[in-house]
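Just so you know, the sequences run in chain order R and F.
Take the first sequence: its letter number 85 is residue 100 in this note's numbering, and every next letter is one higher.
Take the second sequence: its letter number 73 is residue 85 in this note's numbering, and every next letter is one higher.
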Amino acid sequence: MNTHVKPSKLIKGATGDWEVIIGLEVHAQVTSRSKLFSGASTLFGAEPNTNVSLVDAAMPGMLPVINAECVAQAVRTGLGLQAQINLRSVFDRKNYFYPDLPQGYQISQYKSPIVGEGTVIVDVSPTEQIEVGIERLHLEQDAGKSLHDQSATDSFVDLNRSGVALMEIVSKPDMRSADEARAYVSKLRTILRYLGTCDGNMEQGSLRADVNVSVRRPGEPFGTRCEIKNVNSIRFIGQAIETEARRQIAILEDGGSIDQETRLFDPGKGETRSMRSKEEAHDYRYFPDPDLLPLEFDQAYVDELASALPELPDAKKSRFMKDYGLPAYDAGVLVADKETADYYEAAVNYGGTKRDPKLVANWVTGDVAAYANSVGLAVAQTHLTPAQIATLVDLISEQTISGKIAKDVLAILISEEKEGDPRAIVEARGLKQVTDTGAIEAAVDAIISANPDKVAQAQAKPTMLGWFVGQVMKQTGGKANPQAVNELLKAKLGI
Amino acid sequence: MSVDAVTVRKIAHLARIKVNDADVPHLQQELNAILTFVEQLSAVDIEGVEPLTSVMPMPMAKREDVVTDGGIPDAIVANAPVSEDRFFVVPKVVE
Numbered sequence: 016m017n018t019h020v021k022p023s024k025l026i027k028g029a030t031g032d033w034e035v036i037i038g039l040e041v042h043a044q045v046t047s048r049s050k051l052f053s054g055a056s057t058l059f060g061a062e063p064n065t066n067v068s069l070v071d072a073a074m075p076g077m078l079p080v081i082n083a084e085c086v087a088q089a090v091r092t093g094l095g096l097q098a099q100i101n102l103r104s105v106f107d108r109k110n111y112f113y114p115d116l117p118q119g120y121q122i123s124q125y126k127s128p129i130v131g132e133g134t135v136i137v138d139v140s141p142t143e144q145i146e147v148g149i150e151r152l153h154l155e156q157d158a159g160k161s162l163h164d165q166s167a168t169d170s171f172v173d174l175n176r177s178g179v180a181l182m183e184i185v186s187k188p189d190m191r192s193a194d195e196a197r198a199y200v201s202k203l204r205t206i207l208r209y210l211g212t213c214d215g216n217m218e219q220g221s222l223r224a225d226v227n228v229s230v231r232r233p234g235e236p237f238g239t240r241c242e243i244k245n246v247n248s249i250r251f252i253g254q255a256i257e258t259e260a261r262r263q264i265a266i267l268e269d270g271g272s273i274d275q276e277t278r279l280f281d282p283g284k285g286e287t288r289s290m291r292s293k294e295e296a297h298d299y300r301y302f303p304d305p306d307l308l309p310l311e312f313d314q315a316y317v318d319e320l321a322s323a324l325p326e327l328p329d330a331k332k333s334r335f336m337k338d339y340g341l342p343a344y345d346a347g348v349l350v351a352d353k354e355t356a357d358y359y360e361a362a363v364n365y366g367g368t369k370r371d372p373k374l375v376a377n378w379v380t381g382d383v384a385a386y387a388n389s390v391g392l393a394v395a396q397t398h399l400t401p402a403q404i405a406t407l408v409d410l411i412s413e414q415t416i417s418g419k420i421a422k423d424v425l426a427i428l429i430s431e432e433k434e435g436d437p438r439a440i441v442e443a444r445g446l447k448q449v450t451d452t453g454a455i456e457a458a459v460d461a462i463i464s465a466n467p468d469k470v471a472q473a474q475a476k477p478t479m480l481g482w483f484v485g486q487v488m489k490q491t492g493g494k495a496n497p498q499a500v501n502e503l504l505k506a507k508l509g510i
Numbered sequence: 013m014s015v016d017a018v019t020v021r022k023i024a025h026l027a028r029i030k031v032n033d034a035d036v037p038h039l040q041q042e043l044n045a046i047l048t049f050v051e052q053l054s055a056v057d058i059e060g061v062e063p064l065t066s067v068m069p070m071p072m073a074k075r076e077d078v079v080t081d082g083g084i085p086d087a088i089v090a091n092a093p094v095s096e097d098r099f100f101v102v103p104k105v106v107e
C-alpha cells in the first residue's frame, strides 16, 4: 500500500488539503467462445435470448459444467498480473434477487478465489510511475440485461449475457488521483489485450469498473468509502472519482459524515447519486455451490500456461529501450497497443535491414498516429503499411528527401496513392533532394542578387539567414538539401 | 443459535416470500427447531479438519470451449408468464 503522501495529488478543500483514496473492482469479460458453465455462445449482439441454454435460463434440473478455457484464461491473467495462482479454489453462490438473474444467485468465488495478490506497474505520466497492488481475481457469471425503455410499465429481459464468464479484478486502495485510476485501467486493459484474455471493449461492456472512493486528511486513517457501480469508460471513471471526492469533501467540511453506500454516476448531470435499493442486497448469504466441485489443478498446468504467454507490455517496453535505444516515453507509447508495437517493429526491421529506430518511432507515434487518430483507427488498422513507413525513413536517412518532403510524400500516401511506393512517388514526382551544389548555388546567387537590401540586413543580423533559406527552398520546390543551402548561404553572405 | 421474529421477516424478504404476520410465530418455531437439530453437529470435534464442500473424491469435470447449445429462444421464453419479441417481460424495475 502506498503510505507516502504525494502533495501534488492532494485536493484543496475550504479548510485544507484532502487525500483521495481509490480502489477499483474491474469486471473483465473473459474471451471464450462459450459461457462459463454452459455451451451457449458468448457472441455480442445476437437476437434476444438466442445465446441462451437451459442452464443459463436456470431451468430446473440443469447443472453447470465449467469451461476449461475460462479457467486457463483466468490463470493467464493472474500470471500477467504477477499474481499468486491458487491451485485450489471454490465456487460459491452469491444470492440476490433481480429479474435478469434467473438462478436467484450468481456463481462466483468468495473465500477462495483462483488468483491472489499481484502487482501492476502503471505509468501515470512520462515522469511518474506507480505500483498498484492486486488483491485478488476471481471467476464469476455475468447477469442478463434488462431494458427499461421499451414500455412504460414493464422491463424486458434478455439473457444472452447471462452466464458469460467474467474476471473480477480487485485492486488494493493504492490510487490517489483520478489520473492514477485512469492510467491503471488503461494499463490493465493493455495487459488483458496482450494476453488475449479480454478484448477490453468498454463500449460493448467487456470491461466495466466499480470505483471505491474515500477521502481523508493526509496521514489520517482511511475515511468511509462509497462504491460507484458500473462505470463503463475510462473518461467516466476519472469524472466519477473527481465528482465523488468533491461531494465527500463538501460533506465533511460542513461537519457531516459519509454513509457507506452504493452510488451511480450520471455523466449527463455530472453527479453521483445513491442507489437506495441496493442497501439490503448486501446480505448475499454466500455458500459453496453444491453443484460444483472445488476447482483444482497442478503447478505443471500453470507452468505450461506460463511458458506459452506472449511478451507482455513491461517486458516489451524494456526490450524496445534496450534493443532500439528508445527513450522510456516513446517505448511506453508504442507498447500501449500491441498492434502498434508490432507495426513499429515491422517498420524498423523491414526488408531484413534495421533502420534508425528513433526516426521510425517519431514517424509512427507522430504523423502516422496523428493520421490514424484523425480517422478513428489504430495505427495498424490504417492502410499505411510498415513497408511504406520504412521506405520513407530510408529516403530521409539516405538524404534523398528532406523531412519536410517526407511529410508531403506521406500526405500523398494518405490521400492519392494509398498503395504507392514512397520511392516511386519521389522518383515520379521529381521530389528528390537537390544535392548538386551547382544547382543550389545558382538558386542562392539568384536570391542574393535580387535582394541586396536583405543581404545588408542579414549581415547585420545573422538570424535573417532563415529568410534566405526559405527563399532558396521555395525556388527549388523544397528539394534543396537544407544543410547544403545553409552552408552556401553562410559562405556567400559572409556570416 | 436461534432466530427472532424480525429475522424471520428479513429472511422471508430476502427470499421474496410473502409471509403474513400471523404465520411468523409458527415459522420462527419451525426454523428454531431445525437450527436446534443442526446444532448437534457442534458436538463433533472438527479441529484441523478441512471443510467438506463435496463428498465426491474426484476432480471436477470440465467442458471444452465449444458452442454446443443455444439458438432456442422460443423454448427459453416458452414458460414465461409474459413475453414479447422473445424477451421476458417483467414488472418495471428501475434504479
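Yeah, the Cβ is synthetic: ideal placement off N, Cα and C, and Gly gets one too.
Along the chain, where does the beta strand (DSSP E) that runs through residue i open and close?
i        : result
ALA43/R  : 31 to 44
GLN40/F  : Taken as a continuous stretch (DSSP letters only), GLN40/F belongs to no beta strand (DSSP E), being part of the alpha helix (DSSP H) at 36 to 51.
ILE145/R : 143 to 156
PHE99/F  : 99 to 103
ASP173/R : 169 to 173
GLY28/R  : 26 to 28
LYS160/R : 160 to 162
For the alpha helix (DSSP H) that contains residue i, what are its first and last residues?
i        : result
GLN275/R : Element bounds for GLN275/R: n/a, residue is neither H nor E.
VAL441/R : 437 to 443
ARG21/F  : 17 to 26
VAL470/R : 467 to 475
SER412/R : 401 to 412
LYS489/R : 480 to 490
Where does residue i sit, in a helix, a strand or coil, going by DSSP?
i        : result
LEU504/R : helix
GLU432/R : coil
SER289/R : strand
PRO85/F  : helix
ASN17/R  : For ASN17/R, the predicted structure reports a pLDDT of 47, less than 50, and the residue's modelled location is therefore unreliable. The matter cannot be settled from this model.
ARG262/R : helix
PRO71/F  : coil
ASP423/R : helix
GLU96/F  : strand
ASP138/R : strand
Can you tell me the Cα-Cα spacing of residue i and residue j, whole angstroms?
i        : j        : result
ALA24/F  : LYS331/R : 56 Å
LYS74/F  : PHE171/R : 33 Å
VAL94/F  : VAL147/R : 48 Å
ASP71/R  : VAL56/F  : 39 Å
GLN474/R : ASP460/R : 16 Å
GLY82/F  : SER56/R  : 7 Å
PRO114/R : LEU39/R  : 26 Å
GLY253/R : ALA196/R : 7 Å
ASP306/R : PRO79/R  : 7 Å
ILE136/R : ARG444/R : 49 Å
TYR176/R : ALA323/R : With the sequence shown as reference, residue 176/R is identified as Arg, and Tyr is not the correct amino acid for it. ARG176/R and ALA323/R: Cα-Cα distance of roughly 29 Å.
LYS507/R : ASN496/R : 17 Å
ALA34/F  : LEU47/F  : 21 Å
ILE37/R  : ILE206/R : 20 Å
ALA402/R : VAL470/R : 45 Å
MET16/R  : THR134/R : Any reading at MET16/R must be qualified, since the residue scores a pLDDT of 45, below 50, and its modelled position is unreliable; the value itself is stated next. Roughly 11 Å separates the two Cα atoms.
ASP138/R : VAL348/R : 10 Å
PHE237/R : VAL35/R  : 9 Å
ALA27/F  : PHE112/R : 8 Å
ALA29/R  : VAL228/R : 20 Å
SER54/F  : ALA45/F  : 15 Å
GLU257/R : LYS126/R : 32 Å
Check this for me: beta carbons of residue i and residue j, under 8 Å apart or not?
i        : j        : result
SER68/R  : SER53/R  : yes
ASP157/R : PRO63/R  : no
PRO128/R : ARG151/R : yes
ALA321/R : LEU94/R  : yes
ILE243/R : VAL200/R : no
MET500/R : ILE455/R : According to the sequence displayed, residue 500/R carries Val and not Met. Yes; because the gap between Cβ atoms is below 8 Å, this pair is in contact.
CYS213/R : GLN44/R  : yes
ASN101/R : SER49/R  : no
ASN245/R : MET217/R : no
For this session: Could you pull out every unbroken alpha helix (DSSP H) segment of at least 4 residues lying fully inside the region 65 to 135 of chain R, listed in chain order?
Result: 83 to 95
Problem set entry | Unbroken stretches of the beta strand (DSSP E), 3 residues or longer, contained in the region 178 to 247 of chain R | 180 to 186, 222 to 231, 241 to 246
Problem set entry | 4 or more residues per run - each alpha helix (DSSP H) lying fully within the region 315 to 398 of chain R | 328 to 339, 343 to 350, 353 to 363, 372 to 378, 384 to 389
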